[in-house]
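Asker: Chains as they are written, first to last, in my numbering: chain B, 20 to 422; chain X, 29 to 166.
Virtual Cβ for every residue (Gly too), placed ideally from N, Cα, C.
Only a predicted model underlies this, so the values are computations on that prediction, with no experimental measurement involved.
Rendered as structure tokens:
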């Protein structure tokens, strides 16, 4: 239930809505029989629990845990295949509700949004999200993004926490700094060496010290935690520094044809993403992770700024051929950086013929379905294309600002 | 596949009484009541849609799809049926399915149809064979 519904504050307020165990909740929306059941959502080809319900969490199952460890801890748990396309449908529905409620909304991630909460009845918003999408969500409201996120985390599930004015001091005093988004383990260790372990201690520290330890980003958090909002709600996603597509190759393999198939598949996904964001790239990287640990990465400059698969696929294959040691590979990532907006980029004097293949693929695939037309080099991983779990990945969801 | 589970509300009371299924009724945490049909639980039974109604039949074993298609089972006059299920279990892993499992009946005994495991299923359960599901792939 909402802890504070009625409040008055002279300052503008920022809200943070965070869906409770989102993937598991999304599965329950279409399979109501899963309500109350310990649910684990599987990723990484069925090997790991990527999300779990509170019931499964209560049994000690953690995100990222191998399924064989999870089933030992929670033998009655029910496991489901991930379905990011369905999760995006619900996520967009949540986003629409919040946009109808607030004039300023940031689509931070698939299950989290920031919004201008000034004058908004957050309890009513929470109830509306639940009734219209079926997804329970927790809401936090405070003077800055960072405080609002701490507030939404404070009373999960289905909490609604408003922390304003004089309540802030008491609320944050004993929260460990590592619970603040933006302070990772190494940063928390560094802070601890200076006697800063809690948010209260962090707020009382000299901002110059925080800047020295955690750079400008850390100092931004200092101001935010002291109630001065300096990280705005980003209505439009800022331009990426890089875009990557890739991940696990399922069954670890040293089969060259399969690995080339994965490289081409990931380049085709990258081309889709670049088209969506209207980017072209000047540099392409291939990163391999080996089964035995370690890996290899290579980067190449392209002959022109491009988003064309006719240029990117051969470049990625050349990199792979030059750098792969022959070891079994577990993960492949293709990364485009030095991005520019298409049409605003430096034109090359030696532009190759205008590539048309991607336009043709897009036209057909828009009508017949994703990957209906794809490179023949992906035939070596046909089993992946017949498995629906691979059709759509979380990074294929556009518009988030978290990554 | 070593068993299936059906929501209790999917099974008529008469079947519960007739086959003494009450001892197979269970609940996971705060979830709905389920009736579990496990191969290790005797008598071995599976729910089957047959003649337009839900019945229970003895579960004798498994029918590999390759054998069915090669005609190995032809002389037994197998009849394709649907085995409704909410969840299946394989090597201790319970997983959600949409409708159920395909099977055959031979002399009013039921055999779930199996196929070689997909990579996903093999990773998830470590099993080399998987059930042929109704209207979905795993």
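Could you name the residues of the same chain whose beta carbon sits closer than 7 Å to that of residue 90/X, not counting the 5 residues immediately before and after it, in chain order?
Answerer: Here the set comprises 139, 140, 142.
Asker: Taking the alpha-carbon positions, what's the residue 37/B to residue 188/B distance?
Answerer: The straight-line gap from Cα to Cα measures roughly 23 Å.
Asker: Taking 8 Å as the threshold, find out whether the segment 386-397 of chain B comes into contact with the segment 79-86 of chain B through three or more Cβ pairs.
Answerer: Segments in contact, no.
Asker: Name, going along the chain, the residues of the segment 38-56 of chain B whose beta-carbon falls closer than 8 Å to a beta-carbon of chain X.
Answerer: The segment 38-56 of chain B vs chain X, Cβ under 8 Å: 46, 50, 52, 53, 54, 55, 56.
Asker: Alpha carbon to alpha carbon, how far is residue 21/B from residue 222/B?
Answerer: In this predicted model, residue 21/B has a pLDDT of only 49, less than 50, meaning its place in the structure is not dependable enough to derive any value.
Asker: Less than 6 Å separating the Cβ of residue 301/B from some heavy atom of the ligand SAM?
Answerer: As presented, the structure is devoid of all ligands, the ligand SAM included, so that no description of it is given.
Asker: Starting from the Cα of residue 280/B, find the closest Cα among 92/B, 404/B, 341/B and give me that residue.
Answerer: It is 404/B.
Asker: Which runs of the beta strand (DSSP E), 3 residues or longer, sit entirely within the segment 61-114 of chain B?
Answerer: As far as the segment 61-114 of chain B is concerned, its whole beta strand (DSSP E) runs of at least 3 residues are 67-71, 97-100.
Asker: Could you give the C-beta distance for residue 129/B and residue 413/B, rounded to a whole number, given that I count them as a contact under 8 Å?
Answerer: Right, the Cβ-Cβ distance comes to about 7 Å (below 8 Å), so this counts as a contact.
Asker: In whole angstroms, what is the alpha-carbon distance linking residue 406/B and residue 276/B?
Answerer: For residue 406/B and residue 276/B, the distance between alpha carbons rounds to 19 Å.
Asker: Decide if residue 145/B is buried, meaning its Cβ has at least 16 other Cβ atoms within 10 Å, or exposed.
Answerer: Answer is buried; the Cβ neighbour count reaches 16.
Asker: Taking the continuous alpha helix (DSSP H) assigned at residue 101/X, which residues delimit it?
Answerer: No alpha helix (DSSP H) holds residue 101/X; DSSP gives it neither H nor E.
Asker: Within the same chain, show all residues whose beta-carbon is closer than 7 Å to that of residue 239/B, passing over the 5 residues directly before and after it, in chain order.
Answerer: Around residue 239/B: 249, 250.
Asker: Contact check, residue 142/B vs residue 30/B under 8 Å by CB: the rounded distance?
Answerer: Not really, about 20 Å apart at Cβ, beyond 8 Å.
Asker: Just tell me which of 89/B, 344/B, 297/B, 264/B has its CA closest to the CA of residue 273/B.
Answerer: Nearest option by C-alpha distance: 344/B.
Asker: Are the C-beta atoms of residue 21/B and some chain X residue less than 7 Å apart?
Answerer: In this predicted model, residue 21/B has a pLDDT of only 49, less than 50, meaning its place in the structure is not dependable enough to derive any value.
Asker: I'd like the span of the alpha helix (DSSP H) that includes residue 48/X, first residue to last.
Answerer: Element bounds for residue 48/X: n/a, residue is neither H nor E.
Asker: Please list the terminal residues of the continuous alpha helix (DSSP H) segment that includes residue 333/B.
Answerer: Per DSSP, residue 333/B belongs to the alpha helix (DSSP H) from 328-342.
Asker: Determine whether the beta carbon atoms of residue 329/B and residue 376/B lie at a separation below 7 Å.
Answerer: Cβ distance < 7 Å, so residue 329/B and residue 376/B count as in contact.
Asker: Please work out which residues of its chain come closer than 6 Å, Cβ to Cβ, to residue 98/B, disregarding the five sequence neighbours upstream and downstream, and give them in chain order.
Answerer: Cβ neighbours of residue 98/B beyond the five flanking positions: 59, 61.
Asker: In three-state DSSP terms, what is residue 24/B?
Answerer: A caution first: residue 24/B carries a pLDDT of 42, below 50, which makes its placement in the model too unreliable to give a value.
Asker: By Cβ distance below 6 Å, which residues in the same chain neighbour residue 349/B in space, the five residues on each side in sequence not counted?
Answerer: Contacts found: 271, 308, 310.
Asker: With 16 as the cutoff for other CB atoms within 10 Å, does residue 32/B come out buried or exposed?
Answerer: With 16 or more Cβ atoms within 10 Å of its Cβ, residue 32/B is classed as buried.
Asker: Please confirm whether residue 303/B and residue 355/B have their CB atoms less than 7 Å apart.
Answerer: Yes.
Asker: Is it buried or exposed, residue 58/X, if we count other Cβ atoms within 10 angstroms and call 16 or more buried?
Answerer: So residue 58/X counts as exposed.
Asker: What beta strand (DSSP E) runs, 3 residues minimum, are completely inside the segment 262-287 of chain B?
Answerer: Whole beta strand (DSSP E) segments, 3+ residues: zero.
Asker: Under 9 Å, CB to CB, which of the residues in the segment 59-84 of chain X have a partner in chain B?
Answerer: Going along the segment 59-84 of chain X in chain order, one finds 59, 60, 62 with a Cβ nearer than 9 Å to chain B.
Asker: When you compare the CB of residue 158/X with every CB in chain B, is at least one pair closer than 7 Å?
Answerer: Answer no: the Cβ-Cβ gap between residue 158/X and chain B never drops below 7 Å.
Asker: Taking 8 Å as the threshold, find out whether the segment 144-160 of chain X comes into contact with the segment 122-132 of chain X through three or more Cβ pairs.
Answerer: The segment 144-160 of chain X vs the segment 122-132 of chain X: in contact.
Asker: Looking only at C-alpha atoms, which of 39/X, 132/X, 145/X sits nearest to residue 81/X?
Answerer: Nearest option by C-alpha distance: 39/X.
Asker: Taking DSSP as the reference, what is the three-state secondary structure of residue 403/B?
Answerer: Helix.
Asker: Need the endpoints of the beta strand (DSSP E) that residue 35/X sits in, please.
Answerer: Here the beta strand (DSSP E) through residue 35/X covers 31-35.
Asker: Return the residue from the list 417/B, 255/B, 182/B that minimises the CA-CA distance to residue 170/B.
Answerer: The residue with the shortest Cα to Cα distance from residue 170/B is 182/B.
Asker: Please name the residue in 301/B, 382/B, 337/B, 401/B whose C-alpha comes closest to that of residue 359/B.
Answerer: Comparing Cα-Cα distances from residue 359/B to each of 301/B, 382/B, 337/B, 401/B, the minimum goes to 301/B.
Asker: What are the boundary residues of the beta strand (DSSP E) that includes residue 128/X?
Answerer: Note, residue 128/X: beta strand (DSSP E), 128-134.
Asker: How many angstroms separate the CA atom of residue 126/B from the CA atom of residue 133/B?
Answerer: Those two C-alpha atoms are separated by around 7 Å.
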